[in-house]
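What follows is a short report on a single structure.
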Amino acid sequence: DCHLGHLQLFRGEFATMEALPAPPSINMQSPRVRAAMRVMGIIPSDLEKKEIQEYDGNKNKHLLFEKKRRTLIEQVATLASRGPQERGGSGDMNANFLEEILRKERETMETMARMAKKDIQKTVIKELESRLEFEKGKKKQEENKKRMLQLKKERDGWLKEQQKKADKKREQTREVRERNDRQLQVHCEEIRQQLKEADDRVAKCLADIRQAHDDSIESKQVRGIEARKHKAAF
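Here the sequence shown is numbered in this note's numbering, starting from 6 and rising by one per residue.
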């Protein structure tokens, strides 16, 4: 039937695209469909719909391709739906081939599934390792941050203690300076007093010397007068 329909299409039974029968729907991901395509030597591009622009607007070429495409789709669908259980005639070889392809497809799918599982496991392990490294790095950063805060706290405490010691030393220095200033003032006052007393003693000595000198002169004058008087008496 499929071959007959194919021949009828090529004989021009359908003159327009609208008159072509709609092709059956097939799942290109189905192992049976892929196996049927392998049996028939069909590649996916043979079943892909094309626009008339790809044929430079030539409607006849486009119609011819569309007829062929729909016929191939119908044949693939028929072979895929028939399956390996059907036998007889020329279809027996195709069925055996289809069964072998399906078996290989299952093995390939199982192998791919195992590989995908391994890849997923590797990906999960890698993500877990990355997460673990991230958590370790995050924990290390937190520890470093805490350490820095602790060091800053210790530094601030040390600076505060040093400031207190400096303030205390400055206060002690001020007290010592003030005490020395007071002692110096007392000492200077004592020296001034001693100098004053010395000046008073010197002034008294000078006054005594002057008075003694004056008394000596006066005594000499008195004795001279008396001597002249006594001389005149004789």
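From the three backbone atoms N, C-alpha and C, an ideal C-beta is built for every residue, glycine too.
(request) Using a threshold of 8 Å, state whether the C-beta atoms of Leu107 and Pro36 are closer than that. (result) Stepping through the sequence shown from its first residue, residue 107 is reached at position 102. Stepping through the sequence shown from its first residue, residue 36 is reached at position 31. With respect to Pro36, Leu107 sits close: the two C-beta atoms are nearer than 8 Å.
(request) Kindly indicate the opening and closing residues of the alpha helix (DSSP H) around Ile31. (result) Indexing the sequence shown from 1 puts residue 31 at position 26. Per DSSP, Ile31 lies in no alpha helix (DSSP H) and is assigned neither H nor E.
(request) Pick out the complete alpha helix (DSSP H) segments inside the region 50 to 138, 4 residues or longer, and give them in chain order. (result) Listed in chain order, they are 64 to 87.
(message) Quick check: Leu52 and Arg87, are their CB atoms within less than 8 Å of each other?
(response) Counted from its first residue, the sequence shown places residue 52 at position 47. Counted from its first residue, the sequence shown places residue 87 at position 82. Result no, Cβ atoms of Leu52 and Arg87 do not sit closer than 8 Å.
(request) State the Cα-Cα distance for the pair Glu166 and Cys193, rounded to the nearest angstrom. (result) The count along the sequence shown starts at 1 and reaches residue 166 at position 161. The count along the sequence shown starts at 1 and reaches residue 193 at position 188. Answer to the nearest angstrom: the Cα atoms are 40 Å apart.
(message) Whole angstroms are fine: how far does the CA of Lys151 sit from the CA of Glu183?
(response) Reading the sequence shown from its first residue, position 178 is the one you call residue 183. Reading the sequence shown from its first residue, position 146 is the one you call residue 151. Glu183 and Lys151: Cα-Cα distance of roughly 47 Å.
(request) Measure how close the beta-carbons of Val81 and Ile47 come, nearest whole angstrom, since I'm counting them as under 8 Å. (result) Stepping through the sequence shown from its first residue, residue 81 is reached at position 76. Stepping through the sequence shown from its first residue, residue 47 is reached at position 42. With 8 Å as the limit, Val81 and Ile47 qualify as a contact, their Cβ atoms being about 6 Å apart.
(message) For Lys54 and Arg43, what's the separation of their Cα atoms in angstroms?
(response) Translated into the one-based positions of the sequence shown, residue 54 becomes position 49. Translated into the one-based positions of the sequence shown, residue 43 becomes position 38. A direct Cα-to-Cα measurement between Lys54 and Arg43 gives close to 19 Å.
(message) Quick check on DSSP: helix, strand or coil for Val227?
(response) Taking the sequence shown and counting its residues from 1, the one referred to as residue 227 is at position 222. In this structure, Val227 counts as helix in the three-state DSSP scheme.
(request) Below 6 Å CB to CB, which residues in the same chain sit around Ser95 once its five sequence neighbours on both sides are set aside? (result) Taking the first residue of the sequence shown as position 1, residue 95 is located at position 90. The predicted model places Ser95 with a pLDDT of 49, which falls under 50 and marks its position as unreliable; any figure quoted below should be read in that light. Here Ser95 has no same chain residue with a Cβ atom under 6 Å from its own Cβ, once five neighbours each way along the sequence are excluded.
(request) Work out the CA separation of Ala217 and Lys225 for me, nearest whole Å. (result) Numbered from its first residue, the sequence shown carries residue 225 at position 220. Numbered from its first residue, the sequence shown carries residue 217 at position 212. Each residue's Cα considered, the two are about 12 Å apart.
(message) Please classify Leu189 as buried or exposed, where buried requires at least 16 neighbouring CB atoms within 10 angstroms.
(response) As a first step, residue 189 must be located in the sequence shown, where it is residue number 184. Classification for Leu189: exposed.
(request) Taking the CB atoms as reference points, tell me whether Ile78 and Pro28 lie closer together than 8 Å. (result) One-based indexing of the sequence shown puts residue 78 at position 73. One-based indexing of the sequence shown puts residue 28 at position 23. Their beta carbons are under 8 Å apart, which means Ile78 touches Pro28 by this criterion.
(message) In the DSSP assignment, the alpha helix (DSSP H) including Pro36 goes from what residue to what residue?
(response) On the sequence shown, position 31 is the one that residue 36 refers to. DSSP places Pro36 inside the alpha helix (DSSP H), whose first and last residues are 36 to 45.
(request) Determine the direct distance from the alpha carbon of Thr113 to that of Lys39, and round the result to whole angstroms. (result) By one-based count along the sequence shown, residue 39 stands at place 34. By one-based count along the sequence shown, residue 113 stands at place 108. One point to set straight first is that residue 39 is Arg, not Lys, in the sequence displayed. Taking the straight line from one Cα to the other gives about 13 Å.
(request) Give the straight-line distance between the Cα atoms of Ser221 and Arg187, rounded to the nearest whole angstrom. (result) For the purposes of this step, residue 221 is identified with residue 216 of the sequence shown, where counting begins at 1. For the purposes of this step, residue 187 is identified with residue 182 of the sequence shown, where counting begins at 1. Cα to Cα, the separation comes out at about 51 Å.
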